[in-house]
Amino acid sequence: MSEVIPAQAKVRQVDPARPARRRRPWASRRAIGQPLLYAMLVSLAIVYIFPFLVQLATSVKTDAEAADSALSLVPQTFTFAAYEALFGRSDYPIWFANSAIVTVCVTLGRVFFASLAGYALARLDFRGRGVIFALVVGVMAVPAVVLLIPKFLVLNQIGMYDSYAGMILPLLVDAAGVFIMKNFFESIPVSVEEQARIDGAGTFRVFWSIVLPMARPALITIVILSFQGSWNELSHFIVSTQSPELTTLTKGVASLASGQLSQGTQYPLKLAAAAIMTIPVAVLFFIFQKRIMNNTEGAVKG
Amino acid sequence: MPNTVTTPRAGSRKSSGIRRGETAAGWLFTAPVILILGLFLFVPVLMAIWVSVSDWQGRGSPLSGEVGFVGLDNYAAVTSGGGLAERNFGLSLRNNAWYVALVVPLQTALSLFLAVLVNRAILRGRGFFRTAFYFPSVTSSVAITILWLFLFSTTGVVNSFLGWFGISGPNWFNDPSQIFHNALATIGITGAPEALTGGGPLGVSWYEWLGGPSVAMFAFMLMAIFTTSGTFMLLFIAALQNVGAELGEAGVMDGASGWQRFWHITLPQLRPTLFTVLTLGLIGCWQVFEQIYTGTQGGPAKTTLTPAYLSYQSAFVGQEWGEGSAIAFILFLIIIAFTVLQRWVLRERPVSKRRARQYEIRETAR
Chain A
0 MSEVIPAQAK
10 VRQVDPARPA
20 RRRRPWASRR
30 AIGQPLLYAM
40 LVSLAIVYIF
50 PFLVQLATSV
60 KTDAEAADSA
70 LSLVPQTFTF
80 AAYEALFGRS
90 DYPIWFANSA
100 IVTVCVTLGR
110 VFFASLAGYA
120 LARLDFRGRG
130 VIFALVVGVM
140 AVPAVVLLIP
150 KFLVLNQIGM
160 YDSYAGMILP
170 LLVDAAGVFI
180 MKNFFESIPV
190 SVEEQARIDG
200 AGTFRVFWSI
210 VLPMARPALI
220 TIVILSFQGS
230 WNELSHFIVS
240 TQSPELTTLT
250 KGVASLASGQ
260 LSQGTQYPLK
270 LAAAAIMTIP
280 VAVLFFIFQK
290 RIMNNTEGAV
300 KG
Chain B
0 MPNTVTTPRA
10 GSRKSSGIRR
20 GETAAGWLFT
30 APVILILGLF
40 LFVPVLMAIW
50 VSVSDWQGRG
60 SPLSGEVGFV
70 GLDNYAAVTS
80 GGGLAERNFG
90 LSLRNNAWYV
100 ALVVPLQTAL
110 SLFLAVLVNR
120 AILRGRGFFR
130 TAFYFPSVTS
140 SVAITILWLF
150 LFSTTGVVNS
160 FLGWFGISGP
170 NWFNDPSQIF
180 HNALATIGIT
190 GAPEALTGGG
200 PLGVSWYEWL
210 GGPSVAMFAF
220 MLMAIFTTSG
230 TFMLLFIAAL
240 QNVGAELGEA
250 GVMDGASGWQ
260 RFWHITLPQL
270 RPTLFTVLTL
280 GLIGCWQVFE
290 QIYTGTQGGP
300 AKTTLTPAYL
310 SYQSAFVGQE
320 WGEGSAIAFI
330 LFLIIIAFTV
340 LQRWVLRERP
350 VSKRRARQYE
360 IRETAR
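Quick note, the sequences are listed as chains A and B, same order. Here the first sequence is numbered in numbering that gives the first Met the number 0, starting from 0 and rising by one per residue. Here the second sequence is numbered in numbering that gives the first Met the number 0, starting from 0 and rising by one per residue.
Here's what the structure looks like:
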């Protein structure tokens, strides 16, 4: 008790000094001292950031130096040899192009299909809507890893194995995207569409010219999620392709890791490969940072 | 499900006026989703169920007449065959169970801790810290695994760092020794007690079951915590911002300490988010695949083998399609079972009588 009473007294003293709404005394009052808090945050941030700095630094080191002084962030011999090897003497450009093709197609497809279905599920009153919605919910519950063998079986059966179609088509729809769009469309007032309907616009016309343009925030969310998801996708490409010319970045770089294409450890090369792969999602992340941070929050609230 | 459409449900109204033709449009709009989900999710699962009870060897179509029905043989082979398939499955379960048991609580606690730290309104550089903690979550597991292989290599960053303190770190990803065995060895207990060396479930001895994750798996566990804590932190931040300040202020007035207020006032309000994070964590942790594929392929000494990777390996490498599918379905059941269990443990309960009495006593004491 002796510990609690002074704390209480302190709060009462501080209270009139600031507007009460601006802070939450119970949450921001420090059980630990302010300097200690910052020391803890800074050291945690270093733990989270340092690996990426090491990655960049090592990618411009020589092989020998990467092994000898892993901790140092300043290379003694600065060299772009790893990057030259990747782009000059390996299939890396092909992997990159494949990842780009798949990501663009998947993102466009997901945006379109998810908004179509989301609109129908939110706004169109039709027989079977409940069943479709239940199907989409049910599908979300199936873990992706369980579907590895099944996906291969079907792709193989319908002759899509080892083709762009087989890589792209199964990724075109994801239940989460349909959910996000449905929730968004439900938040738009119905009166907006009714005006257009009275003017004689058809369902698709209303969807395309009236509602879709209003859904830009939700569409951007789906673009971000699809881009990130398909760029980072690995397991689906493992089971849907085998040709070297259809290898994506994730698959190619994973094969580098197990040393199939390189002799020795070659850490600068591998880390350069991983670093380049991270750049597109990192750029996207920093452009849409606020939105990405809020997405997750919105997903939980909704 | 909130029904924002103001018209009555289908069937009870005439298809006329401005809402005419909506059934056709509805089906048309959802057709792509239905087709793709049906073709690449629903049909595949049915096919895989068939393969898991067949003797298909990967040649030709599994639906052709030459493929025979073998009942539950594939399931039996991995759960009671007494052979390599059973031991592999046992080891993969052992590895993944430890992974789940340690990663899920740690990532939940860490992400909640991070969220509470960065949620302070008066904190300077909030945005920076959030970004720093979240960034690992957006990078691909392949890129992170490559980085991890380097950080935890013999001469890597982690061992160099440990070297400062005079500790010579292990050869992380090549070390199959189990961490609890190692811990016992430091106090002089080496080797297994007689009682535990005998047969345990699934061809894995009790000594192996209880030894904890291997050093290699431990490195993967650290990686999982590193990459998921940021995402879960965001979920907790969102929830913390919805927690009303009034209760906390009342707590302050009643003289509750910071820790008491967190434990008795904030945490109960975070319950739904806690449930989400734990469930997502459990589901994710039982699906460890990409890290293993990229990093160790189940080695060293099968101590990073997981059911997900074993399922893939049995089918695509070992051409044991039936066994691979059987493992996948068992894994599916495990995930469902754990999710249900968790839902039950964390269900909303009425306040028990004992609890209620506690509150009464406090009330009169005051």
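Using N, Cα and C, we set each Cβ at its ideal position, and we do this for glycine too.
Item, Value
"Where residue 225 of chain B sits in the DSSP three-state scheme", "helix"
"Residue interval of the alpha helix (DSSP H) (run including residue 235 of chain A)", "234-239"
"Residue-chain proximity (residue 227 of chain A, chain D), Cβ-Cβ < 8 Å", "Structure shown: chain D not included; protein chains present are A and B."
"Contacting residues, own chain, Cβ-Cβ under 8 Å from residue 150 of chain A (five flanking each side not counted)", "169, 235, 238 and 239"
"Residue 177 of chain B, DSSP secondary structure in three states", "strand"
"Inter-residue CB distance, residue 179 of chain A and residue 220 of chain A (contact presumed, cutoff 8 Å)", "6 Å"
"According to DSSP, residues forming a beta bridge with residue 53 of chain B", "B:68"
"Residues bridged to residue 213 of chain B (per DSSP)", "B:177"
"Cross-chain neighbours of residue 42 of chain B in chain A, by beta carbon under 7 Å", "153"
"CA-to-CA distance, residue 128 of chain B to residue 40 of chain A, given in whole angstroms", "7 Å"
"Interface partners of residue 48 of chain A on chain B, CB under 8 Å", "131 and 134"
"Helix, strand or coil at residue 170 of chain B [DSSP, three-state]", "coil"
"Uninterrupted beta strand (DSSP E) stretches inside the segment 255-279 of chain B (no shorter than 3 residues)", "none"
"Own chain, CB closer than 8 Å to residue 56 of chain A, minus 5 neighbours either side, in chain order", "71, 72, 73 and 74"
"The segment 239-250 of chain B in contact with the segment 121-138 of chain B per 3-pair CB rule at 8 Å", "no"
"Status (buried if at least 16 other CB within 10 Å, exposed otherwise) for residue 43 of chain B", "buried"
"Assigned exposure category for residue 316 of chain B - 16 Cβ within 10 Å defines buried", "exposed"
"CB of residue 248 of chain A within 8 Å of CB of residue 58 of chain A, strictly", "no"
"Selection from B:265, B:260, B:171 and B:253 that minimises the alpha carbon distance to residue 242 of chain B", "B:265"
"Any 3 or more C-beta pairs closer than 8 Å across the segment 138-157 of chain B and the segment 271-285 of chain A", "yes"
"Helix, strand or coil at residue 159 of chain A [DSSP, three-state]", "coil"
"Cutoff 7 Å; reference residue 304 of chain B; Cβ partners in own chain excluding five residues on either side", "87, 90, 91, 94 and 297"
"Residue 285 of chain B, DSSP secondary structure in three states", "coil"
"Rounded C-alpha distance that separates residue 154 of chain B from residue 168 of chain B", "9 Å"
"Beta-carbon proximity list for residue 45 of chain B, same chain, < 8 Å, skipping 5 on both sides", "none"
"Short-range partners of chain A found in the segment 43-61 of chain B, where Cβ spacing is below 7 Å", "43, 44, 46, 47, 50, 60 and 61"
"Under 7 Å from the C-beta of residue 183 of chain A: neighbouring residues of chain B", "Within 7 Å Cβ-Cβ: nothing; residue 183 of chain A doesn't reach chain B, min ~12 Å."
"Residue from B:337, B:325 and B:346 whose Cα sits closest to the Cα of residue 79 of chain B", "B:325"
"Local Cβ density within 10 Å of residue 186 of chain B, reported as buried at 16 or more and exposed below that", "exposed"
"Cutoff 6 Å; reference residue 76 of chain B; Cβ partners in own chain excluding five residues on either side", "84 and 322"
"Short CB-CB distance (under 8 Å) between residue 268 of chain A and chain B", "no"
"Where residue 253 of chain B falls, given that 16 or more other Cβ within 10 Å makes a residue buried", "exposed"
"DSSP three-state assignment for residue 164 of chain B, whether helix, strand or coil", "coil"
"Interface flag, residue 292 of chain A vs chain B, CB-CB below 8 Å", "yes"
"When A:286, A:292 and A:227 are compared against residue 105 of chain A, the one with the closest alpha-carbon", "A:227"
"Distance CB(residue 287 of chain B)-CB(residue 98 of chain B) smaller than 8 Å", "yes"
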